Amino acid sequence: MHRFSFKAILAGVVLMLLLLPAIAYGLWYLASWWFQAQGAGDAQMAQMVTEFLDGNLGTLALLLAGGAMCIPGGYVTARLAPAHPYANNLVVALLLTAISIGLAIGTGSGWDWWFDLANAFFTVAGCWFGGWLVARRSR
1 MHRFSFKAIL
11 AGVVLMLLLL
21 PAIAYGLWYL
31 ASWWFQAQGA
41 GDAQMAQMVT
51 EFLDGNLGTL
61 ALLLAGGAMC
71 IPGGYVTARL
81 APAHPYANNL
91 VVALLLTAIS
101 IGLAIGTGSG
111 WDWWFDLANA
121 FFTVAGCWFG
131 GWLVARRSR
């Protein structure tokens, strides 16, 4: 039996790339709802959200959202390749990290190396946890 399943890896990467905009929109919706509840107008809300995302708490929120996004993708990947759930999830995590770093470099977003390293950690942790959920059920 092969260690790596192309179908499982592709499904995990595609699922996570589809979840990313959904999670980003959800976070934007929650932030805009909260700021509007505080009585902020559209321009003031946009400025407050930008300031939040530029701060440490916003950076942590982005990293945690990215890690959370990887859990369902890691779960699906492990379900499609139950013989080697962790190996396939590691490949998915490495691919997503490469895509993330490529986007950061390609768009010139100004991300620092520490953010990419932290993003890689949360990506691997989320994928590992998704695989662990499957491995735990199969015992």
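Per the numbering used here, residue 1 is the first one in the sequence shown, and the count goes up by one each step. Glycine included, each C-beta is placed from N, C-alpha and C at the ideal position. All figures in this text were calculated on a predicted structure; none of them were measured in a lab.
Could you tell me whether the Cβ of residue i comes closer than 7 Å to any Cβ of chain B?
i    : result
G106 : Of the protein chains in this structure there is only one, and it is not chain B.
Hey, how far is the Cα of residue i from the Cα of residue j?
i    : j    : result
L94  : N88  : 10 Å
Y25  : A120 : 22 Å
M1   : W113 : Its pLDDT being 49, under 50, M1 is placed unreliably by the model, and the measurement read from it follows with that caveat. Near 38 Å, if we compare the C-alpha coordinates of W113 and M1.
R136 : A61  : 28 Å
W28  : L103 : 20 Å
L117 : I105 : 14 Å
V92  : L57  : 27 Å
G73  : P85  : 12 Å
G41  : K7   : 47 Å
Within this structure, are the beta carbons of residue i and residue j separated by less than 7 Å?
i    : j   : result
V134 : A78 : yes
S5   : A81 : yes
G12  : V76 : yes
T123 : T97 : yes
A65  : I9  : no
V14  : A31 : no
Taking the alpha-carbon of residue i as reference, which of the options has the nearest alpha-carbon?
i    : options                 : result
D54  : V124, R3, A125 and F115 : F115
W34  : S100, G66, F52 and L60  : F52
R150 : L90, M16 and W128       : Nothing about residue 150 can be reported from this structure: the residues present for the chain run from 1 to 139 only.
C70  : W128, K7 and Q44        : W128
S138 : A83, I99, L19 and Q44   : A83
Kindly indicate which three-state DSSP category residue i falls into: helix, strand or coil?
i    : result
Q47  : helix
Y38  : In the sequence as displayed, the identity of residue 38 is Gln instead of Tyr. Reduced to three states, the DSSP call for Q38 is coil.
M1   : Low per-residue confidence applies at M1: pLDDT is 49, beneath 50, and the placement is therefore not dependable enough to give any value.
D112 : coil
S102 : Strictly speaking, residue 102 in this sequence is Gly, with Ser absent from that position. Three-state DSSP puts G102 in a helix.
I want to check one thing, is the minimum distance from the CB of residue i to the heavy atoms of the ligand PLP below 6 Å?
i   : result
I23 : What this structure holds is no ligand at all, so the ligand PLP is not there to describe.
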